[in-house]
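Colleague: Here it is, the structure in full.
Numbering (the working numbering), first residue to last: -4 to 62.
Below, the structure is given as structure tokens:
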């Protein structure tokens, strides 16, 4: 097993919140223009989903159902 594979296994063993935090830190390490694009894409997706919910095209599920 190489170093990258070992690191992946360690990261995947972390709790979800820690993995999410790590993702944010890694994304922030990229070129600021890349981060701006990621942030805009996230905002666009959030708005698309909010609109779909308000129009009744999608519903919600409980946390238990999502697991």
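Even for Gly, the Cβ is constructed at its ideal location relative to N, Cα and C.
How is residue 9 classed by DSSP in three states: helix, strand or coil?
Modeller: Reduced to three states, the DSSP call for residue 9 is coil.
Colleague: Could you tell me whether the Cβ atoms of residue 6 and residue 17 are closer together than 8 Å?
Modeller: Yes.
Colleague: In terms of residue numbering, what span does the alpha helix (DSSP H) encompassing residue 43 cover?
Modeller: That run of the alpha helix (DSSP H) goes 27 to 49.
Colleague: Go ahead and pull the three-state DSSP assignment for residue 61.
Modeller: Here residue 61 sits in helix by DSSP.
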